[in-house]
Each structure stands twice: as C-alpha cells, then as structure tokens.
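J.: The structure's right below; bear with me while I get my questions together.
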Amino acid sequence: MGLFSFIKEAGEKLFGGKDAQAATAAAPSQDELNATAAKAIETYIGTQNLGATNLQVAFDGSQGKVTVKGDAPTQAAKEKITLCCGNVASVTSVENLMNVTNPEPEAQYHDVVRGDTLSAIAKKFYGDANKYPKIFEANKPMLTHPDKIYPGQKLRIPPL
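If you want it as structure tokens, here you go:
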C-alpha cells in the first residue's frame, strides 16, 4: 500500500491547540507528545467502528508521520484507517502496515480541492456524476453528509 501523503493543515483537530499550550508549562518531552498524539489518533480510529484488531499507532511529530499496524477485516477498512490517520491536522504522511483478513482490490484516492463536489469527483473517476453515493459510502463514517467535504481532505475512490 505504501506511504501516503496528506496536507498538514487540513483535517480533524485531535491534538494541539489548548492542550499543547497548557502542556508547555509542564514541558513534556517529544516522546510524551508523540505518545499522546498517537493515542488520540488510535482513539479516533476506534470511534469509526472499522473492526480493526491489535491496533498499534505511532506518531513522529518531527516528520508528521503516522505508522499504523494491526489487523483489518477488509481492504476497505484498511484504507479507511489510512484516511482516519491522514485526515488529522499535523499529519503529513501515513505508513499503513496493517494485515488484511479478506484482501480486495485497492481503491484510488482523490485530494479534495476548492470547488470539488462528490458529483464532480464521481464524474471524473466514473464518468457519471450520479455515482457520487458510491464515493460517499466508501468514505463513511468519516463523511457524515455528501456536501461536507473540505479542501485538503483525501477520499477513497473504490472501483465500480
């Protein structure tokens, strides 16, 4: 599956902000900050109910890199876990080393740009704008509504 690149400033705000400012008084080590960020990402993956087991998440803040290991029930779950990790603010790359119980063909990916809609993306990849629900379903539960995509987000584009 390889290493996936993401836009650092886009995505869920799982760590940093007020927590990071409050933590500067105690001056935690980089290892402690990395462990806290990894735990936040692991918790976020867990909330998506993707069926992963033996999940291990590591974060390297100096590189903005997440490494994730464990077992995924399907290729789609593995790909969604990659997106869960990468669509987090401050993450620039994800190395997904997960095993897949039921292998399937890999999906393509699309980086959302300003003005994109799921219909336009479906037209580009499938030749039919009305196939946008396939992309929406492939990105659930990270997407909650077909109109709520944002620039910098990476989406799974499954084969038809």
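Everything in the sequence shown is counted per full-length UniProt numbering, starting at 1 for the first residue and increasing by one. C-beta atoms are modelled at their ideal positions from N, C-alpha and C, and glycine is treated no differently.
Buried or exposed for T144, please, with buried defined as at least 16 other CB atoms from any protein chain shown within 10 angstroms of its CB.
T.: exposed
J.: Give every residue of the same chain whose Cβ lies closer than 8 Å to the Cβ of G61, excluding the five residues on either side of it in the sequence, and list them in chain order.
T.: Q30, L33, N34, A37, S90
J.: Any chance you could list the alpha helix (DSSP H) runs of at least 4 consecutive residues sitting entirely within the UniProt domain "BON" (32–102), in chain order?
T.: 75–86
J.: Quick one, which of F125, A52, T117 has its alpha-carbon nearest Y150's?
T.: T117
J.: If you draw a straight line from the alpha carbon of I81 to that of T53, how long is it in whole angstroms?
T.: 12 Å
J.: Please check the pair K79 and A107, which I expect to be a contact at CB under 8 Å, by giving their CB distance rounded to whole angstroms.
T.: The sequence given here places Glu at residue 79; Lys does not occur at that position. Rounded, the Cβ-Cβ distance is 5 Å, consistent with contact.
J.: Could you tell me the distance, in whole angstroms, from the CA atom of P105 to the CA atom of G64?
T.: Whole-angstrom Cα-Cα distance: 28 Å.
J.: When DSSP labels each residue in this structure, what does F6 get in the three-state scheme?
T.: coil
J.: Below 8 Å between beta carbons: does that hold for L155 and Y109?
T.: Less than 8 Å divides the Cβ of L155 from the Cβ of Y109.
J.: Can you tell me whether N87 is buried or exposed, with buried defined as 16 or more other CB within 10 angstroms of its CB?
T.: Counting C-beta atoms within 10 angstroms of its own C-beta, N87 has 16 or more neighbours from the protein chains shown and is therefore classed as buried.
J.: If you run the structure through DSSP and keep just helix, strand and coil, what is Y132?
T.: helix
J.: Would you kindly work out how many angstroms separate the C-alpha atoms of Q153 and P28, rounded to a whole number?
T.: 30 Å
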